[in-house]
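What follows is a single structure, written as structure tokens, with notes after it.
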Amino acid sequence: METIKKILNNKWLSLIIRIIAGCIFIFFSLDKISEPLKFAQDITRYQLLPQLFINVLAVIIPWIELIVGIFLIAGIRLRATATLYNILMLVFTSAVISAIARGLSIDDCGCSAHTTPADWWKVLENSIMLLLGIYIMLFPVNKFSIENLAIKDYINTNVAKS
Numbered sequence: 518m519e520t521i522k523k524i525l526n527n528k529w530l531s532l533i534i535r536i537i538a539g540c541i542f543i544f545f546s547l548d549k550i551s552e553p554l555k556f557a558q559d560i561t562r563y564q565l566l567p568q569l570f571i572n573v574l575a576v577i578i579p580w581i582e583l584i585v586g587i588f589l590i591a592g593i594r595l596r597a598t599a600t601l602y603n604i605l606m607l608v609f610t611s612a613v614i615s616a617i618a619r620g621l622s623i624d625d626c627g628c629s630a631h632t633t634p635a636d637w638w639k640v641l642e643n644s645i646m647l648l649l650g651i652y653i654m655l656f657p658v659n660k661f662s663i664e665n666l667a668i669k670d671y672i673n674t675n676v677a678k679s
């Protein structure tokens with residue numbers, strides 16, 4: 518049990534998982550940011566929201582993904598960032614499951630510029646990504662993070678003066 522805990526709290530594992538999850542979100546966001554109209558059409562295919570919300574979400578979601586990706590890689594507010602990451606992954610996965618359950622045939626899930634069908638494989642992929650987010654939330658070892666460096670700098674500057 519101690520070995521598992523040691524592995525899960527490993528600073529390198531945490532960094533690698535943060536980089537993977539962050540890069541995926543950044544990569545996916547850039548496609549959506551550059552083509553908000555296409556992303557709005559992708560959202561429309563799920564038949565879940567009125568058009569007014571779709572247009573707004575097609576502009577906002579990619580920027581949230583970009584910021585979350587950057588924050589994950591940089592190690593900023595890891596628990597809060599991972600929580601937002603997990604909420605997005607749950608929403609995306611729920612939309613795919615809803616489409617499958619309603620018999621919708623969606624050839625492009627809208628995740629990125631690459632055409633990926635909204636099917637059970639996508640649910641599996643999203644579930645794996647969700648596990649990455651849960652790991653970051655539960656084990657936010659932030660040894661290699663901007664936030665950790667700022668805290669150390671603050672302590673060294675202010676505590677040393679005391």
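In this text, residue positions in the sequence shown follow this note's numbering: the first is 518, and each later residue adds one.
Note that beta-carbon positions come from the ideal geometry of N, C-alpha and C, so glycine has one too.
This one's a predicted model, so the numbers in the text were calculated from it and none came from an experiment.
In this structure, how does DSSP classify residue i when only helix, strand and coil are distinguished?
{"i": "Phe542", "result": "helix"}
{"i": "Val658", "result": "coil"}
{"i": "Pro579", "result": "helix"}
{"i": "Asn527", "result": "coil"}
{"i": "Met518", "result": "coil"}
{"i": "Leu641", "result": "helix"}
{"i": "Glu552", "result": "coil"}
{"i": "Leu532", "result": "helix"}
{"i": "Leu565", "result": "coil"}
Who are the Cβ neighbours of residue i in its own chain at under 8 Å, not counting the five residues just before and after it?
{"i": "Glu582", "result": "Phe542, Ile543, Phe545, Ser546, Lys549 and Leu605"}
{"i": "Ile560", "result": "Leu566, Ile571, Leu574, Ala575 and Gly627"}
{"i": "Met518", "result": "none"}
Using 8 Å as the threshold, is the C-beta distance between residue i and residue j below it?
{"i": "Ala591", "j": "Ser662", "result": "yes"}
{"i": "Arg596", "j": "Phe588", "result": "no"}
{"i": "Val613", "j": "Ala635", "result": "yes"}
{"i": "Ile617", "j": "Trp637", "result": "yes"}
{"i": "Ile623", "j": "Tyr563", "result": "yes"}
{"i": "Leu647", "j": "Leu621", "result": "no"}
{"i": "Leu641", "j": "Ile534", "result": "no"}
{"i": "Thr633", "j": "Lys639", "result": "yes"}
{"i": "Pro579", "j": "Phe609", "result": "no"}
Once the 5 residues before and after residue i are set aside, which same chain residues still bring their CB inside 6 Å of it?
{"i": "Gly586", "result": "Gly539, Phe542 and Ile543"}
{"i": "Lys528", "result": "Val658 and Lys660"}
{"i": "Tyr602", "result": "Val585 and Gly650"}
{"i": "Leu525", "result": "Phe656"}
{"i": "Leu554", "result": "none"}
Please go through the same chain and pick out, in chain order, the residues whose beta-carbon is closer than 7 Å to the beta-carbon of residue i, but skip the five residues on each side of it.
{"i": "Thr600", "result": "Met654"}
{"i": "Ile537", "result": "Leu649"}
{"i": "Ser644", "result": "Thr610"}
Within the segment 587–635, ranges of the alpha helix (DSSP H) (whole runs, at least 4 residues):
595–618
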